[in-house]
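Using UniProt numbering, you'd call the opening residue of the sequence shown number 1 and step up by one each time.
Ideal Cβ placement from N, Cα and C applies to all residues, glycine included.
None of the values given here were measured: they were computed from a predicted structure.
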Amino acid sequence: MTAAAIAASGGDFDQLARDAVYRAMFTRRDVRSHFVPDDLDDSVLARLITAAHHAPSVGYMQPWNFIVIRDAERRTQVRDLFLAAREQELPAIEAERQALYRKLKLEGICESALNLCITCDRHRSKDSPLGRWHNPEMDLYSTVCAVQNFWLAARAEGVGVGWVSIIETEALKRLLAIPEHVTPIAYLCVGRVSEFAPKPDLEAHGWGKRLPLPELVMSETFRGAGEAPLKSAIANLGGPSKP
């Protein structure tokens, strides 16, 4: 079914469809170490980018662009940027965690089928203040919604995605010839994978754990007490810590 046909069908989601949406959310992973050397069909990539293009955007500005990076030499150059940025980040890590940090696999730039840089063109709606008059950064947030759409669609297609955030922005812009007024939002490693891990890598390696959701729910004001029935309902669900 085409994207247009899906959109036109409308109506409510049945239980199977609802389950599939939540499954995509709860089993989405930031993939670094499970890529396999298989090509990704353009038909699949087209569906993922189309899903991203249907993300919500404030003022209907649609500020995104999608740079597909396949060239091995260019990807090696991007990986060099990552390695340099990682060394710069290391001193800011707590001393007792630096050894663990060095062991973590934090990218799959060269191992994945392709890379994708999703950018935000900050001039695309410069003449339209709708939704941006008081919050001019909404174009950036809208582009992040496109990233999430891409990621969830990829999970539904059995495609792994890894977001490489440890890159110096201006260096990446020079390498990819990104204009000054365009901001790279997400550099993604994309490809088929051998598996989707049951837990996020950083949780599995002891870097962090999922926060208890009821403690993050507030009532009426920041730190406002209340909403006991809602918090109980959340706790009874068991949360998205399940695979």
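(message) Tell me the rounded alpha-carbon separation between His205 and Thr169.
(response) Taking the straight line from one Cα to the other gives about 28 Å.
(message) Taking 8 Å as the cut-off, does the region 61-78 touch the region 153-162 (at least 3 CB pairs, one atom from each stretch)?
(response) No, the region 153-162 does not touch the region 61-78.
(message) So, does the region 46-56 touch the region 135-146, judging by three or more C-beta pairs under 8 Å?
(response) A contact is defined here as three or more CB-CB pairs under 8 Å, and the region 46-56 meets this definition with respect to the region 135-146.
(message) Quick check: the Cα distance between Gln77 and Ile234, rounded to an integer number of angstroms?
(response) Each residue's Cα considered, the two are about 45 Å apart.
(message) Just to check my reading of the structure: Val190 and Leu116 have Cβ atoms closer than 8 Å, yes? What is that Cβ distance to the nearest angstrom?
(response) Confirmed, Cβ separation roughly 5 Å.
(message) Taking a contact to mean a Cβ-Cβ separation below 8 Å, would you say Leu188 touches Ile118 in this structure?
(response) Yes, Cβ-Cβ distance for Leu188 and Ile118 is below 8 Å.
(request) Only counting runs of 3 or more residues, tell me where the beta strand (DSSP E) segments fall wholly within the region 98-125, in order along the chain. (result) Fully enclosed beta strand (DSSP E) runs of 3 or longer: 114-121.
(request) Report the rounded CA-to-CA distance for Lys242 versus Val193, giving the unit in angstroms. (result) Confidence at Lys242 is low in this model, with a pLDDT of 41, below 50, so the placement of that residue should be treated as unreliable; the coordinate-derived value is given next. Computed Cα separation, rounded: 20 Å.
(message) Under DSSP, the alpha helix (DSSP H) around Tyr141 begins and ends at which residues?
(response) Here the alpha helix (DSSP H) through Tyr141 covers 138-156.
(request) Using DSSP bridges, identify the partner residues of Phe66. (result) Listed as beta-bridge partners of Phe66 by DSSP are Ile118.
(message) Measuring CB atoms only, is the region 119-134 touching the region 221-233, in the sense that at least three cross pairs come out at less than 8 Å?
(response) These segments do not touch.
(message) Given a cut-off of 8 Å on the beta-carbon distance, is the pair Lys209 and Glu203 in contact?
(response) Contact annotation: Lys209 and Glu203 have beta-carbon atoms nearer than 8 Å.
(message) I'd like to check one pair, Asp30 with Pro200: are the Cβ atoms closer than 8 Å?
(response) Their beta carbons are under 8 Å apart, which means Pro200 touches Asp30 by this criterion.
(request) Can you give me the start and stop residues for the beta strand (DSSP E) that Tyr187 sits inside? (result) In the DSSP assignment, Tyr187 falls within the unbroken beta strand (DSSP E) covering 182-192.
(request) For Gly208, name the three-state secondary structure that DSSP assigns. (result) In this structure, Gly208 counts as coil in the three-state DSSP scheme.
(request) Indicate the three-state DSSP secondary structure (helix, strand or coil) for Val159 in the structure shown. (result) In the structure shown, Val159 sits in a strand (DSSP, three-state: E or B).
(message) Quick check on Phe13: buried or exposed, where buried means 16 or more other Cβ atoms within 10 Å of its Cβ?
(response) That one is exposed.
(request) Determine the DSSP secondary structure at Phe222, reduced to helix, strand or coil. (result) Phe222 carries a coil assignment under DSSP once its states are collapsed to helix, strand and coil.
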